[in-house]
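Numbering (this note's numbering), first residue to last: 26 to 253.
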């Protein structure tokens, strides 16, 4: 459990106190962008691998207490929510977005369109939903530490991106903030934007559905536990 806690702390610190701060720009100024992104990518991969290894290793740890036992019906709820989460991640990755910080990233013709109407940060929102449902369905301490780290990273990562974008774009980004939400469908429910299914893109949705089907089918092989 100690190894899991250290691995999760390292991954959080790496993304919140380096990538999400002015430390990043100072490091780029010293090392150059290719070196920084190469080292940061390597550190992220090692950190993620360490988290996965420590998580599976902690399954047999006596300190990994069972906090609560999820009712069986909750797993079917989780299946629906996780389908939405995977769609958010896949469609978000495949769609142009006004919140990406890289200047060379493709920008949409309309700042508020497609998946951005559902969530301003669809990938991070999808990861957060996955984390919440896995915490709910896996009531052991190790799962709460592992997926709790993902949840914190998703929420604080979105918050940091909003701060940096607002500093850079000012009133333009404040307009985007006004008409969108981080939590999926909240801005739509509040009438701050409208939902347009066709803007999501049929091909993107099909890719997301295929990705979910593969993950659900191979869940036990990949993660040593069945999806249901």
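We treat Cβ as the ideally placed atom computed from N, Cα and C, and that holds for glycine.
What separation, rounded to the nearest whole angstrom, lies between the Cα atoms of residue 118 and residue 87?
-> Counted from its first residue, the chain shown places residue 118 at position 93. Counted from its first residue, the chain shown places residue 87 at position 62. C-alpha separation (whole angstroms): 39 Å.
Closest by C-alpha distance to residue 82, when choosing among 32, 43, 114 and 105 = Within the chain shown, residue 82 is the residue found at index 57, counting from 1. Among 32, 43, 114 and 105, the Cα nearest to that of residue 82 is on 32.
State buried or exposed for residue 34, treating a residue as buried only when at least 16 other CB atoms are found within 10 Å of its CB.
-> In the chain shown, residue 34 corresponds to position 9, counting from 1. With fewer than 16 Cβ atoms within 10 Å of its Cβ, residue 34 is classed as exposed.
Identified DSSP bridge partners for residue 91 | Against the chain shown, residue 91 aligns to sequence position 66. Paired residue(s): 165.
Rank 157, 75 and 189 by C-alpha distance to the C-alpha of residue 123 and give the top, closest one.
-> Locating residue 123 in the chain shown gives position 98, where the first residue counts as 1. For the set 157, 75 and 189, the Cα lying nearest the Cα of residue 123 is the one of 189.
Take every Cβ of the stretch 136-149, pair it with every Cβ of the stretch 217-228, and state whether three or more of those distances are shorter than 8 Å.
-> yes
With residue 96 as the anchor, note down where its alpha helix (DSSP H) starts and where it stops.
-> The sequence position of residue 96 within the chain shown is 71, counting from 1. First-last for residue 96: undefined, no H or E at that position.
Own chain partners of residue 245 with C-beta closer than 6 Å, once the 5 adjacent residues on each side are dropped | Residue numbering aside, residue 245 sits at position 220 when the chain shown is read from its first letter. For residue 245, where only same-chain residues beyond five positions count, the Cβ hits under 6 Å are 251.
Going straight from the alpha carbon of residue 37 to that of residue 107, what length do you get?
-> Counting from one through the chain shown, the residue named residue 37 turns up at place 12. Counting from one through the chain shown, the residue named residue 107 turns up at place 82. Their backbone Cα atoms lie some 23 Å apart in a straight line.
Compute the Euclidean distance between the alpha carbons of residue 109 and residue 163, then round it to the nearest angstrom.
-> Taking the first residue of the chain shown as 1, we reach residue 109 at position 84. Taking the first residue of the chain shown as 1, we reach residue 163 at position 138. Near 19 Å, if we compare the C-alpha coordinates of residue 163 and residue 109.
Pairing CB atoms from the stretch 90-107 with CB atoms from the stretch 152-166, are three or more of them under 8 Å?
-> yes
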